[in-house]
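The structure under discussion appears below in the form of structure tokens.
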Amino acid sequence: MERYAQLSPIIFGSGSIRVVGEEVKNLGCTKVMLVSDETISKLDAYKNCKKSLIDQGMEIVPFNKVVADPPDYMINQGGELAKAEKIDGIVALGGGSVMDAAKAINVLVNNPLPVNQYLGNPVYNPGVPVVVIPTTAGTGSEVTIMGVITDTVNHIKSAVLCPATLGVLDPEVTIDVPPSVTAYTGMDAFAHAAEAITTKFPNPKSEVLALEAIKKVSSYLPIAVSDGKNIKAREELLLASNFAGMAFNDALVHLGHAISHTAGAAFHKAHGIVCALALPEVMKYSASARADKVQLIGAAMGVSFAGDESSEEIGEKVAEAIRQLIKKIGIPSVNELGLSKEEFTGLASKVMEDVCYQYVPRELSLEEVTGILEAIYENY
Ligand SMILES: [Fe+2]
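Under the numbering used here, the first residue of the sequence shown is numbered 218, with each subsequent residue one higher.
Okay, structure coming up:
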């Protein structure tokens, strides 16, 4: 088992879910809300987590109502329950939606409802310790300050700003994730890394972490998709997700995530799928601003460069390598997701209003964004 620290400390290693109870107790908690979803609550990981908490004498308040793209009203329900039960800790077991929901519920523990008033607002009374255990390798939510939820008043995705207190990364917990979910959550991590490197505000620490994440995803995601029980691949992907999370928590993400958030809010398409689909064209566009950074991404994927390529050529080479990767792991096209070209390109103006759009490396016109959406539709 290994431990390292940044925004929130991490415990990493197979079987680490069994120390959750002890860790939660060390944080001074006695009554915790166990946040999860219907599917996860039936798995062994949930039983193991619960047992670990009960063994330490913890009282548990279950909240299994989290759904994908957690809506504000569901967070408010969780917040009401947390207040009524006077919980003094939160444990989240699940994917990005569960972890983000737990962070958002925590914002409500010592503050009035509804959650909407805290979206993008860091000013609120601190909540209780939150321990998160990811069951998918992708969001890196254990080390980011963001808790992304759906604002159903304005029909957009937005975020509370609340870090977790501790992340417990147990690769064994992720071995039952089906191939399709493994594929798109892994590509979410890749997108965090690739966008963090090419963002408007890059930094050296993020770049190191992001490049390592890209290496790991490129090498191990196809293995985990074809052989879910490969524990080495699961370990590497959890680390990749974690490193990419640290990378983008500092450097932030840009156009690909603006597109994914917008498509997610409008058509409820899985976040990681749209991130994956957007990425080749986002890299081509990014090369027009920072070809050197896009070349680093390609090199981390194993793409070789002669050294005399133009920015466009670098962009296209990396885009093609990403297309091959996502084909190999079975990411469906926009068309296969059931969206028409008009529906998809019609998102352009909303994409430019998304909070992540502020971090694009080069300002774009509406026509250019529409063109990029068109290329995403046509080139894959
Ligand atoms: Fe993401």
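Note that beta-carbon positions come from the ideal geometry of N, C-alpha and C, so glycine has one too.
Handout entry: Enclosing alpha helix (DSSP H) for residue 528 [first to last residue]
Key = Start at 1 with the first residue of the sequence shown, and residue 528 comes out as number 311. Note, residue 528: alpha helix (DSSP H), 528-545.
Problem - Span separating the alpha-carbon of residue 562 from that of residue 591 - result: What you label residue 562 is simply residue 345 of the sequence shown in a count that begins at 1. What you label residue 591 is simply residue 374 of the sequence shown in a count that begins at 1. Roughly 6 Å separates the two Cα atoms.
Practice task
Examine chain C for any beta-carbon lying closer than 7 Å to the beta-carbon of residue 566, and answer yes or no.
Solution key: The structure shown contains no chain C, having only a single protein chain.
Handout entry: residue 368 - containing beta strand (DSSP E), residue span
Key = Taking the first residue of the sequence shown as position 1, residue 368 is located at position 151. For residue 368, the enclosing beta strand (DSSP E) covers residues 363-368.
Practice task
Could you give the DSSP three-state label for residue 555: helix, strand or coil?
Solution key: On the sequence shown, position 338 is the one that residue 555 refers to. DSSP places residue 555 in coil when its eight states are reduced to three.
Exercise for the section: State the CB to CB distance for the pair residue 310 and residue 266, rounded to an integer number of angstroms; the pair is presumed to be in contact (CB under 8 Å). Expected result: As a first step, residue 310 is located in the sequence shown; it is residue number 93 there, counting from the start. As a first step, residue 266 is located in the sequence shown; it is residue number 49 there, counting from the start. Going by Cβ atoms, the distance from residue 310 to residue 266 rounds to 5 Å, so yes, they are a contact pair.
Handout entry: Proximity to residue 391 [Cα-Cα], best of 447, 540, 283
Key = As a working mapping, residue 391 is identified with position 174 in the sequence shown. Residue 447 is the option with its Cα nearest to residue 391.
Handout entry: Member of 512, 467, 365, 242 whose CA lies at the smallest distance from the CA of residue 479
Key = One-based indexing of the sequence shown puts residue 479 at position 262. For residue 479, the nearest C-alpha among the options comes from 365.
Exercise for the section: Identify whether residue 394 lies in helix, strand or coil by the three-state DSSP scheme. Expected result: Within the sequence shown, residue 394 is the residue found at index 177, counting from 1. It is coil, neither helix nor strand.
Handout entry: Rounded separation between residue 528 and residue 502 - CA only
Key = Numbered from its first residue, the sequence shown carries residue 528 at position 311. Numbered from its first residue, the sequence shown carries residue 502 at position 285. Straight-line Cα distance between these residues: approximately 10 Å.
Practice task
Pull up the CB-CB distance for residue 354 and residue 402, whole angstroms please, since I reckon it's below 8 Å.
Solution key: Position 137 of the sequence shown, counting from 1, holds the residue named residue 354. Position 185 of the sequence shown, counting from 1, holds the residue named residue 402. Contact holds; Cβ gap of about 6 Å.
Handout entry: Length of the line joining the Cα atoms of residue 375 and residue 547
Key = Within the sequence shown, the letter at position 158 stands for residue 375. Within the sequence shown, the letter at position 330 stands for residue 547. Taking the straight line from one Cα to the other gives about 29 Å.
Exercise for the section: Determine contact between the stretch 521-538 and the stretch 414-426, defined as no fewer than three beta-carbon pairs at a distance below 8 Å. Expected result: No, the stretch 521-538 is not in contact with the stretch 414-426.
Practice task
Give me the Cα-Cα distance between residue 602 and residue 436, rounded to the nearest whole angstrom.
Solution key: Outside the displayed range of the chain (218 to 597) lies residue 602, so it cannot be described from this structure.
Practice task
Please report how far the alpha carbon of residue 330 lies from the alpha carbon of residue 301, in whole angstroms.
Solution key: What you label residue 330 is simply residue 113 of the sequence shown in a count that begins at 1. What you label residue 301 is simply residue 84 of the sequence shown in a count that begins at 1. Straight-line spacing of the CA atoms in residue 330 and residue 301 works out to 13 Å.
Problem - Euclidean distance between Cα positions of residue 426 and residue 276 - result: Against the sequence shown, residue 426 aligns to sequence position 209. Against the sequence shown, residue 276 aligns to sequence position 59. Their backbone Cα atoms lie some 38 Å apart in a straight line.
Exercise for the section: Pick out whichever of 262, 363, 290 has its Cα sitting closest to the Cα of residue 370. Expected result: As a working mapping, residue 370 is identified with position 153 in the sequence shown. If we check each option's Cα against that of residue 370, 290 comes out closest.
Exercise for the section: Helix, strand or coil for residue 522, going by three-state DSSP, please let me know. Expected result: Sequence index remark: in the sequence shown, residue 522 carries index 305 (1-based). If DSSP states are grouped into helix, strand and coil, residue 522 belongs with coil.
Handout entry: Closer than 6 Å: residue 405 CB and nearest ligand 1 heavy atom
Key = Here residue 405 refers to the residue found at position 188 when the sequence shown is read from its first residue. Result yes, Cβ under 6 Å from ligand 1.
Problem - Segment limits, beta strand (DSSP E) that includes residue 421 - result: As a first step, residue 421 is located in the sequence shown; it is residue number 204 there, counting from the start. For residue 421, no beta strand (DSSP E) segment is defined; the enclosing uninterrupted segment is the alpha helix (DSSP H) at 421-443.
Practice task
Give the DSSP-derived three-state secondary structure of residue 350 in the structure shown.
Solution key: On the sequence shown, position 133 is the one that residue 350 refers to. Residue state for residue 350 is assigned as strand, using DSSP reduced to three classes.
Exercise for the section: Give me the Cα-Cα distance between residue 296 and residue 538, rounded to the nearest whole angstrom. Expected result: Here residue 296 refers to the residue found at position 79 of the sequence shown. Here residue 538 refers to the residue found at position 321 of the sequence shown. A direct Cα-to-Cα measurement between residue 296 and residue 538 gives close to 44 Å.
Exercise for the section: Drop a sphere of 10 angstroms on the beta-carbon of residue 545, count the other beta-carbons inside from all chains shown, and report buried for 16 or more, exposed for fewer. Expected result: If you number the sequence shown from 1, residue 545 lands on position 328. With fewer than 16 other Cβ atoms within 10 Å, it is exposed.
Handout entry: Sequence ranges, alpha helix (DSSP H) only - wholly within the stretch 275-329, length at least 4
Key = Whole alpha helix (DSSP H) segments, 4+ residues: 289-302, 313-326.
Practice task
Name the two residues that bound the continuous alpha helix (DSSP H) containing residue 463.
Solution key: On the sequence shown, position 246 is the one that residue 463 refers to. Counting along the chain, the alpha helix (DSSP H) containing residue 463 begins and ends at 448-468.
Problem - Supposed close pair residue 413, residue 464 - CB separation, criterion 8 Å - result: The residue given as residue 413 occupies position 196 in the sequence shown. The residue given as residue 464 occupies position 247 in the sequence shown. Confirmed, Cβ separation roughly 4 Å.
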